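**Student:** Let me begin by handing over the structure; questions about it come next.
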Amino acid sequence: MRLQKILVLFTFVAGTAGCAAMQPKKAPTPVQEAVEEEPPEEKIVLPDGVEGMDINGDNKPDVFKHYKEVEGEQVIVKRETDLNADGTIDVTRHYSLAQKPIKEIIDLDFDGKIDVTRHYQEGVLLREEFDLNYDEKIDMTKFYEDGKLIRKEQDAKLDGSVDYWEYYDEKEVLERIGVDHDGDGEIDDWHLGKDKSKIADPESGGALSKEGPPPADDLDKGEGTEAADSP
């Protein structure tokens, strides 16, 4: 239930978090989920190099755009957003001098600590890191290629080690799932993503076993087949 709340709130943040100035308008893509049209804003005068915007009409800045002069022009290098009007920054996005996002950090539960970090390369989403249980440690990482999700790694047991992997095809459809039961960092069971009732048995060279996938609780019991080489 807590993870569902996190994902719902994360969806809200992604739709509100921001937008890069001087970016051409395109049809929404997974890479642009946090780049949407801004709501009406009222500019507030701040020290040189910073522009404040009042989003909710309380005469206090909710969005701060930090500028730097480059070849005679002012370009945004950082954008900060206070989502819940409590005076604390919840989303910070950094930009390159070419006006492309470099990094974005998000506080989902408004406690002043980072819960999600997004890394970009040439403006394209490269990696997302999540703290799912608010302990200031990364519990899940999503990897992207050309803006598309290709792999997810998760510390499902929250013991500091990755023990769950998901691999996606070029259409971002889940292909297979790897599970480490004994905590040695090696995948013990392969589940087929499109048919989770079957398990790829490492001992049979990838042939399907007749067993169904173990319950989630079995992650803590160390049940499964012998270790398989990771792809």
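Here the numbering used here is used: the first residue of the sequence shown is 31, the next is one more, and so on.
Beta carbons: idealized from backbone N, C-alpha and C, even for Gly.
Every value quoted in this text rests on a predicted model; they were computed, and no experiment measured them.
#1: Taking C-alpha atoms, which residue in Val154, Glu166, Asp185 and Ala186 lies nearest to Asp176?
#2: Leaving out five residues on either side along the sequence, give the residues of the same chain with a beta carbon under 6 Å from the beta carbon of Ser126.
#3: So if DSSP puts His124 in a beta bridge, which residue, or which two residues, is it bridged to?
#4: If you count every other CB in all the chains shown that lies within 10 Å of the CB of Leu300, and 16 or more means buried, which is it?
#5: Judging by CA-CA distance, which residue of Ala128, His124, Lys130 and Met170 is the nearest neighbour of Asp145?
#6: Drop a sphere of 10 angstroms on the beta-carbon of Gly87, count the other beta-carbons inside from all chains shown, and report buried for 16 or more, exposed for fewer.
#7: Answer with buried or exposed for Glu152, where buried requires no fewer than 16 other C-beta atoms within 10 angstroms of its C-beta.
#8: Smallest Cα separation from Pro91: which of Met83, Arg123 and Lys172?
#9: I need the DSSP call for Ile217, collapsed to helix, strand or coil.
#10: Within a Cβ cutoff of 6 Å, which residues of the same chain sit near His124, ignoring the five residues on either side of it in sequence?
#11: Between which two residues does the beta strand (DSSP E) carrying His149 extend?
#12: How is the beta strand (DSSP E) around His96 delimited, first residue to last?
#13: Between Asp161, Arg148 and Arg157, which lies nearest to Asp139 when the distance is taken from Cα to Cα?
#14: Within its chain, find whatever has a CB closer than 6 Å to the CB of Ile135; leave out the 5 residues flanking it on each side and keep chain order.
#15: Could you please give me the residues that DSSP links to Gly177 through a beta bridge?
#16: Apart from the five residues on each side of it in sequence, which residues of its chain come closer than 8 Å, Cβ to Cβ, to Glu200?
#17: Determine, using beta carbons only, whether Gln129 and Val93 come nearer to each other than 8 Å.
#18: Which one of Tyr97, Asp116, Gly215 and Arg181 has the shortest CA to CA distance from Asp193?
**Tutor:** According to the structure shown:
#1: Numbered from its first residue, the sequence shown carries residue 176 at position 146. Minimum Cα distance to Asp176 is reached at Val154.
#2: On the sequence shown, residue 126 is found 96 positions in, with the first residue counted as 1. If we look at Ser126 and ignore the five residues flanking it on each side, its Cβ neighbours are Ile132.
#3: Position 94 of the sequence shown, counted from the first residue, corresponds to residue 124. Bridge partners of His124: Lys108 and Lys133.
#4: The question about residue 300 has no answer here: the residues shown for the chain are numbered 31 through 261.
#5: Locating residue 145 in the sequence shown gives position 115, counting from the first residue. It is Met170.
#6: As a working mapping, residue 87 is identified with position 57 in the sequence shown. Per the 10 Å Cβ criterion, exposed.
#7: Here residue 152 refers to the residue found at position 122 when the sequence shown is read from its first residue. Exposed, by the Cβ-count rule.
#8: Walking along the sequence shown from the start, residue 91 turns up at place 61. It is Met83 whose Cα lies nearest to the Cα of Pro91.
#9: For the purposes of this step, residue 217 is taken as residue 187 along the sequence shown, with counting starting at 1. Looking at Ile217 - three-state DSSP - the assignment turns out to be strand.
#10: Within the sequence shown, numbered from 1, the residue matching residue 124 stands at position 94. Counting only Cβ-Cβ distances below 6 Å, and skipping sequence neighbours, we find Lys108, Ile132 and Lys133.
#11: Reading the sequence shown from its first residue, position 119 is the one you call residue 149. Residues Val146 to Gln151.
#12: Walking along the sequence shown from the start, residue 96 turns up at place 66. Start and end: Val93 to Val100.
#13: In the sequence shown, the residue the question calls residue 139 occupies position 109. When each option's Cα is compared against that of Asp139, the closest is Asp161.
#14: Locating residue 135 in the sequence shown gives position 105, counting from the first residue. Excluding sequence neighbours, Ile135 sits near Thr122, Ile144 and Thr147.
#15: Against the sequence shown, residue 177 aligns to sequence position 147. In DSSP, Gly177 forms no bridge with anything.
#16: Locating residue 200 in the sequence shown gives position 170, where the first residue counts as 1. So the qualifying residues of the chain are Lys178.
#17: Here residue 129 corresponds to residue number 99 of the sequence shown, with the count starting at 1. Here residue 93 corresponds to residue number 63 of the sequence shown, with the count starting at 1. Not closer than 8 Å, so no.
#18: As a position in the sequence shown, residue 193 is number 163, starting the count at 1. If we check each option's Cα against that of Asp193, Gly215 comes out closest.
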